[in-house]
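Quick note, the sequences are listed as chains A and B, same order.
Going by the numbering used here, the residue at position 73 of the first sequence is 614; the numbering climbs one at a time, nothing skipped.
Going by the numbering used here, the residue at position 56 of the second sequence is 60; the numbering climbs one at a time, nothing skipped.
Every residue gets a Cβ at the ideal spot worked out from N, C-alpha and C, and that includes glycine.
As the structure is a prediction and not an experimental result, all values here were calculated from the model.
Report on one structure; see the data block that follows.
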Amino acid sequence: MELSRRKLLALGASSIALMGLGTSVAFASKADEAIAKFTGGAAAGEGTLELTAPEIAENGNTVPIEVNAPGAVSVTVLADGNPVPNVATFNFGKLNASRSASTRIRLSKTQNVIAVAKMEDGSFQMAKANVKVTIGGCGG
Amino acid sequence: MASGVKPRVKVPKKASADDVITIKTLISHKMESGQRKDGDGNVIPRSIINRFVADFNGENVIDVTLEPAISTNPYFQFDATVPETGEFHFTWYDDDGDVYETKKKITVS
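Below you can see the structure in the form of structure tokens.
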């Protein structure tokens, strides 16, 4: 079969599209896997859980984030574009009235930061924030 | 990394009963992620603090599991209710088995 210029271009474009699809699916499944592990497969809805993160982070090495989850037992934070999506898990004790905490995290590139909260009644809530990272923080 | 680790904690000295106070903690630690490579291309092994616990008079306030994505010199800010005079007990657990502790007293009037 003789490859015309048109066919060659189409072939190239489709293979690039396929590659893009492959990587994005792989990343999403990593974060989804971590979420499923935390929730035990239960669906997470929206609710009172708040995740505060900057829209643009100049330095991915220290990105300040805050979770505010009234009525939550524990909150896990994930970053879907990091080599390892898990960031931290906060387990709140009896004396933590406001169920809020803030820390600083590393983000390797522009991505979503996801917080999943386990509530006192056993249900789950999820909140997302997109953070644009100028300089990545995983030192690869 | 067992050298140069210094915990710093900020807790108010006084409070009223059942007040909600804000606590800030910071510990100097390089939190080597296990993703970086040295000049020869060898992976630098992971060395992080993997758990942080804050208790007040034996009651848990917060228990955090840390992953390599926590920044160098892990910083935490959180709230706590103080029902009576007592002592906060902060503990950090290192990958290499070291445990760093610090205590802060608070007077409730």
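Between Arg-640 of chain A and the rest of its own chain, which residues show a CB-CB distance below 6 Å, the 5 nearest in sequence each way excluded? Ala-610, Pro-611, Ala-613, Phe-633
Can you tell me which residues form a DSSP beta bridge with Gly-588 of chain A? Answer is none; Gly-588 of chain A lacks a bridge partner.
Rounded to whole angstroms, what is the Cα-Cα separation between Asn-54 of chain B and Pro-605 of chain A? 19 Å
Please confirm if Asn-64 of chain B has its CB atom under 8 Å from at least one CB of chain A. yes
Among B:Val-57, B:Pro-72, B:Ile-25, which one has its Cα closest to the Cα of Ile-48 of chain B? B:Pro-72
Just tell me which of B:Thr-29, B:Asn-77, B:Ala-21, B:Asn-64 has its CA closest to the CA of Arg-12 of chain B. B:Thr-29
Taking the DSSP output, what are the residues bridged to Ala-656 of chain A? A:Val-618, A:Ala-668
Pick from A:Val-625, A:Pro-595, A:Gly-581, A:Gly-586: whose alpha carbon is nearest that of Thr-675 of chain A? A:Pro-595
Measuring alpha carbon to alpha carbon, tell me which residue in B:Ser-20, B:Leu-70, B:Asn-61, B:Lys-108 is nearest Arg-50 of chain B. B:Leu-70
Please state the DSSP three-state secondary structure of Thr-85 of chain B. strand
So, using beta-carbon positions, are Leu-648 of chain A and Ala-620 of chain A closer together than 8 Å? yes
Which residue from B:Gly-38, B:Asp-99, B:Asp-22 puts its Cα closest to that of Thr-111 of chain B? B:Asp-22
Please go through the same chain and pick out, in chain order, the residues whose beta-carbon is closer than 7 Å to the beta-carbon of Gly-561 of chain A, but skip the five residues on each side of it. Confidence at Gly-561 of chain A is low in this model, with a pLDDT of 48, below 50, so the placement of that residue is unreliable and no value is reported for it.
Please determine if the stretch 571–591 of chain A and the stretch 658–665 of chain A are in contact, where contact requires at least 3 C-beta pairs separated by less than 8 Å. yes
Extent of the continuous beta strand (DSSP E) to which His-93 of chain B belongs: 90–98
Quick one, which residues of the stretch 617–644 of chain A are near chain B if we go by CB-CB under 7 Å, in chain order? Ala-620, Asn-623, Pro-624, Val-625, Asn-627, Val-628, Ala-629, Thr-630, Phe-631, Asn-632, Phe-633, Gly-634, Lys-635, Leu-636, Asn-637, Ala-638, Ser-639, Ser-641, Ala-642, Ser-643, Thr-644
Rounded to a whole number of angstroms, what is the C-alpha to C-alpha distance between Asn-64 of chain B and Phe-92 of chain B? 10 Å
Taking all protein chains shown into account, decide if Asp-59 of chain B is buried (16 or more other Cβ within 10 angstroms of its Cβ) or exposed. buried
Distance check for His-33 of chain B and Gln-652 of chain A, CA to CA, integer angstroms please. 26 Å
Should Pro-4 of chain B be labelled buried (16 or more other beta-carbon atoms within 10 Å of its own) or exposed? Only positions 5 to 113 of chain B appear in the structure, and residue 4 of chain B is not among them; the question remains open.
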